[in-house]
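In our numbering, the protein residues as written are 86 to 170. From the three backbone atoms N, C-alpha and C, an ideal C-beta is built for every residue, glycine too.
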């Protein structure tokens, strides 16, 4: 999600696809291990590059992980705090 007026970019990343360190994100499929390991490493590298590029342009970047979506109250509080900054 992008909030241009606030120069805020809010990313919601899937834990598996973006290599989060939670239980779901740490799981690598048993088949094609080399492919998946490289794929997730590339995703993480691209995510880092994107974050750095946006910050250099003066954007605030906030990342929400898939596993964090279950805690609605915390998520709402975090987003509210971001919008008030």
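Cβ neighbour criterion (16 or more within 10 Å) applied to residue i
i           : result
residue 107 : exposed
residue 111 : exposed
Same chain only: Cβ atoms within 6 Å of residue i, ignoring 5 sequence neighbours per side
i           : result
residue 125 : 104
Residue i versus residue j: straight-line alpha-carbon distance, rounded
i           : j           : result
residue 155 : residue 164 : 14 Å
residue 138 : residue 92  : 13 Å
residue 117 : residue 136 : 29 Å
Residues near residue i by beta carbon distance below 7 Å, same chain, minus five either side
i           : result
residue 128 : 102, 103 and 104
residue 99  : 151
Given residue i as reference, the closest of the options once Cα atoms are compared
i           : options               : result
residue 149 : 137, 141, 142 and 162 : 162
residue 167 : 145, 122 and 131      : 145
Close beta carbons around residue i, own chain, < 8 Å, minus the five adjacent residues each side
i           : result
residue 143 : 92
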